[in-house]
Amino acid sequence: MTPSLLYAFAGAGLCGIGMFGFIQLRHLLRKLLAFNLIGSGTFLVLVGLAQHGQGPDAVPQALVLTGIVVSIAATALAIVLIRRYFHLSGHTSLEADDSDSGQGGAE
Amino acid sequence: MKRILAVTLPLLASMALVLLLGASLWSIAGSQTPVNLPELLAGKMNESGVNHPVTAVLLNFRSYDTLLEIAVLVIAGITGISMARTASLEDPELRTSDSLLYALQRWFIPLMLLLAGYLLWAGADRPGGAFQAGAVLAGCGVLMRLGGIPLGFLRPGLLLRVGLGLGFAVFLLVAVLSAMAGEAFLAYPPGMTKPLIITIETVLTFSIAMVLLALFVSAPVNDAGAPGEDDS
Amino acid sequence: MITAWLMAGLLFTPLAWAVLCLLLDFSRGRLVSCLGITVQVLVSLGLWVAVAREGGFLYGLGGWEAPLGIELRVDGLAVTFILLTAIVAGACGLHASVYLAPDNAWYRYFWPLFWFLWAGLNGVWLGGDLFNLYVGLELLSLSAVGLVALGGGINALRASLRYLLAALLGSMAYLLGVALMYGQFGTLSIAGIASLLPETQALVGPGMAMALMLSGLALKTALFPLHGWLPPAHGIAKSPVSALLSALVVKASFYIAARLWLEFGHELGSTAVAQLIGGLGGAAVIWGSWLACRQSQLKQVVAYSSVAQIGYLFLLFPLTFAVSDTASLQAQQGMTLQVVSHALAKAAMFLAAGNLILATGSHQVAGLAGVSHFLPFSLFSFGLAGVSLMGMPPSGGFAAKWMLLQASLASGQWWWIVVLVAGSLLSAAYVFRIYQASFVAKTGVDDFYHPPGSLEVIPLLLALMSLGLALVAEPLLSVMALSLETGGAP
Amino acid sequence: MLEWFLDLLLVTALLTTAIATLSSRDLFRAVVVFIAFGLLMAVAWVRLQAPDIALAETAIGAGLTGVLLLDAVSHFRRGGTVAASGRSDAAGGREQ
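As you go down the protein sequences, you meet chains V, G, E and H in turn.
Read in full-length UniProt numbering, the first sequence has 74 at position 74, and its numbers run on one by one without any break.
Read in full-length UniProt numbering, the second sequence has 153 at position 153, and its numbers run on one by one without any break.
Read in full-length UniProt numbering, the third sequence has 176 at position 176, and its numbers run on one by one without any break.
Read in full-length UniProt numbering, the fourth sequence has 44 at position 44, and its numbers run on one by one without any break.
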């Protein structure tokens, strides 16, 4: 057991917490927070596990940097979509009451 | 009953996930990795053109990842500004007449600009680089915008789109030129590695900052009209 | 040497055109894109011919080899899918250039997203590195979400948000699997891991990694019961976009799952897992087709049909696990034919559906009344594509299902035959339902809008290709089978 | 020994803030706790000898995401300009 591995386990925990929130929560912004928690957990697992045996490893660190940028891009995009969705519909969750008419309908 | 089930099922599922993950982490930690990538990396560092291993991986060994990652950022930016209906950037709603913010602005913005420059410069040898510098630069812009300083270049227009694409375009150009000169896509010609990496990092810093700022600005705050509602 | 230029062109063109189109408005972007489509189709064709002649090769990006750098795996299957992408995406692009209204300010962003999508697809077909595939998948998903959201209406936004959340969760699960794989093996190269697997003792970690990656990819491929996000997104997007999504984007994540299964499945799979995935695929075939029969909106019918047709692909998993080599080969060939024929047929179907909606001004199946009399041409391409989906000879769908049937027989898994037959019957039902609606006589004069000829020709050509696929299946399959080992030239 | 203690403390804090982020009833608070989580993550990256990620996490993860999220929350609080009138449940983010 090394500190790195401890963080990897913490990452696993974060993934679980995030996963629960992602499924359970309705509010889109909260879902997004949960997704970010899963992301952080995954990154911790990636680096923590790789550095467990052999000390600092630049490759997973670079991967995590890439991953962070990708996930901020996704998060920011999601926020823009959520805001516009709220702006037009007044809903903050997908399971809105008009879902029966929401199937298709537009071209 | 249904409510309870709706809570317990995800709870059980995520607990199972954690347990399984923990077990596999424990199992993996017990064995040595058959490939020692850090050692390989250390052996090739002198060919990479920079002294900082993370930068070497990001912009040389795995530069294709970085190229695609910037593409992802640009996509997010494009979709962001496609949603944007900001009629005017000098919207009163956005201007915060907070004295604290004003003070923050006066002191922070020069400092942050300095920090961004340092991070960019440090990237080749020490922790730092385009992403961090770009993020700090974007933070600067956010502060300026919150303070009501009109950032004209963020108006959805050609200038903004040039800004979004510039870093990516330069990166891509370097990639394809090196493919023409050398043997493979993104294989920098020998001797040119360091200047090329520095160039890419500099333009990327600006582009990253632009994208992030565009996404912040493009949040549809003050538009009432739904554009072309569901027709084609 | 020529392959090096072709590879550079293949990687460069879509990305460069994306940036270029970002600077232009829709109409100019249309001109530039037509040029780009031509270039890309030629380059893809050139690469396909090169690989067909000389065999596949590995392409180290940046001049670095596998464990340290990223290697692209340019083999027969990959170049076939690249060519397929060039044909289908090119057709969708051309259709979109006429279909989308140039005066709508939103559509200036169509072309950049379209090109980024194409770049992502090529990246996924070629990817040989687990993490690079993750970035490629994200590129694909985000541009697809952007394209769905481009309409901007409430329903489009809801569909794209649902799509985005599903895609993000799927990629995160995949990335978590990648993290475990890296922790176990210290490398990200798929080929490298495959060569290390037989010597590995403790398989708990890689097994869990595999499970995570497969479930993430299944979510992104909309495998039953994780398909909830697909019909709204594919149904509400503009027709050329729906065609792209259904024909190509969902195949990308499936392709990765199939590659992982074929490379790692021997060590990490088990009969139970293989049968479970196959069972979900079978359920998708039945359930998707059943729901397709019950939709009242035209594009929803086509979207649910995608859920069903994707299900067939997952029969690959049980039909390649612990079976004879011939059965496994037949299943793989059936799978590739199914991907190709479904891509062509579904693109044709969505584009034709778009034309029909344009013509009738209605999204409802019932709104098609009178179409057969006044617009037989639009209906014809739709019907031809339907023939391939049903799996009637000599279509590509028939060849694919025939291969899968033979593989099921050869491996003694007769229960998949039931799925194949039931799926074909149900798909016949939903295709004929459309026909029936369009043959309802409508009194009065022809008040339909007649789409321009270029819109009509594109789906027709795609449908004909899908229909004639079985005739050229033999040479196609021989190229698809070219792996890196059979070739030799780098 | 002290380092182990610090690591354990940090891990506990990470998990606690994560749970607090998701269980907080008020959306604004949730975002604030999430920003705190991002800062703790940055410390964790320092402990993992990954200063690059620590910098990125502070600037991007905690900083920019935080600003974006806060901005969005305030937007929800104000209510949408078009359609939110009469839908008070959507504004505070309290429906679950």
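Ideal placement from N, C-alpha and C gives every residue a C-beta, glycine not left out.
Computed from a prediction, not measured in an experiment: that's the story for all the values here.
- Selection E:G386, E:G288, E:G127 evaluated against E:L260 yields E:G127 as nearest (Cα-Cα).
- If you check the CB distance, E:M7 and E:L68 do not come in under 9 Å.
- Taking E:E456 as reference, the option from E:G396, E:A348, E:W416 with the minimal CA-CA separation is E:A348.
- DSSP places V:Y7 in the helix class (H, G or I) of the three-state scheme.
- Sequence-distant partners of E:G90 (beyond 5 residues in either direction) whose C-beta falls short of 6 Å from its own C-beta, in its chain, are I37, V41.
- Cβ atoms of E:A322 and E:T271 come within 8 Å of each other, at about 6 Å.
- Looking at H:R77, H:P51, H:L15, the one whose alpha-carbon comes closest to that of H:A36 is H:L15.
- The contact set of G:L21 on chain E, defined by CB atoms closer than 9 Å, consists of L176, L180, M208, L212 in chain order.
- For G:Q132, the nearest CB of chain H lies under 9 Å from its own CB, placing it at the interface with that chain.
- If you compare the alpha carbons of E:G146, E:F380, E:L262, E:A385 with that of E:V302, the shortest gap goes to E:A385.
- Annotated three-state conformation of E:F377 is helix, per DSSP.
- By the CB criterion at 9 Å, E:A18 and E:V148 fall outside the cutoff.
- Residue pairing from DSSP places E:E71 in a beta bridge opposite E:G60.
- Beta-carbon to beta-carbon, G:L186 and E:L61 are separated by about 5 Å, close enough to satisfy the 8 Å threshold.
- For V:V64, same chain residues with a beta-carbon under 7 Å away, outside a window of 5 residues either side, are F43, L46, V47 in chain order.
- Assignment of beta-bridge partners to E:S189 by DSSP yields E:D129.
- Closer than 9 Å to the CB of G:N36 there is at least one CB belonging to chain V.
- Three or more Cβ pairs closer than 8 Å define a contact, and the segment 397-411 of chain E falls short of that threshold against the segment 286-301 of chain E.
- Residue-level contact by beta carbon fails for H:A20 and chain G, as no gap is shorter than 9 Å.
- Proximity to E:L130 across E:G370, E:I193, E:Y435 peaks at E:I193, based on C-alpha coordinates.
- No Cβ-Cβ contact shorter than 9 Å links E:A331 with E:L344.
- Contact check for E:L482 against E:V43 fails: the beta carbons are separated by 9 Å or more.
- For the segment 43-71 of chain G, the beta-carbon criterion of a distance under 7 Å to any beta-carbon of chain E is satisfied by K44, N60, F61, R62, S63, Y64, D65, L68, E69, A71.
- Counting every other CB atom within 10 Å of its CB across the protein chains shown gives G:M180 a total below 16, marking it as exposed.
- Under the Cβ criterion of 9 Å, G:F168 is not counted among the residues facing chain H.
- Between G:G123 and G:A116, the CB-CB gap reaches or exceeds 9 Å.
- Note on G:M15: under 16 other CB atoms within 10 angstroms of its CB, so exposed under the neighbour-count rule.
- When C-beta atoms of the segment 171-189 of chain E are compared with those of the segment 237-248 of chain E, fewer than three pairs fall below 8 Å, so the two segments do not count as touching.
- Beta-carbon to beta-carbon, G:L160 and G:I81 are separated by about 7 Å, close enough to satisfy the 8 Å threshold.
- When 8 Å is used as the limit between beta carbons, H:A42 is near no residue of chain V, the shortest such separation being about 11 Å.
- In the three-state DSSP reduction, E:Q406 falls in the helix class (H, G or I).
- For V:F20, the closest Cβ of chain G is nearer than 9 Å.
- For E:Q413, the three-state secondary structure derived from DSSP is coil.
- Measuring C-alpha to C-alpha distances from E:W115 to each of E:A144, E:V339, E:L180 identifies E:A144 as the nearest.
- Neighbours of G:L41 in chain V, taken as residues whose beta carbon is under 7 Å from its own, are A58, V59 in chain order.
- Partner residues in the beta bridge of E:Q364, as assigned by DSSP, are E:Q297.
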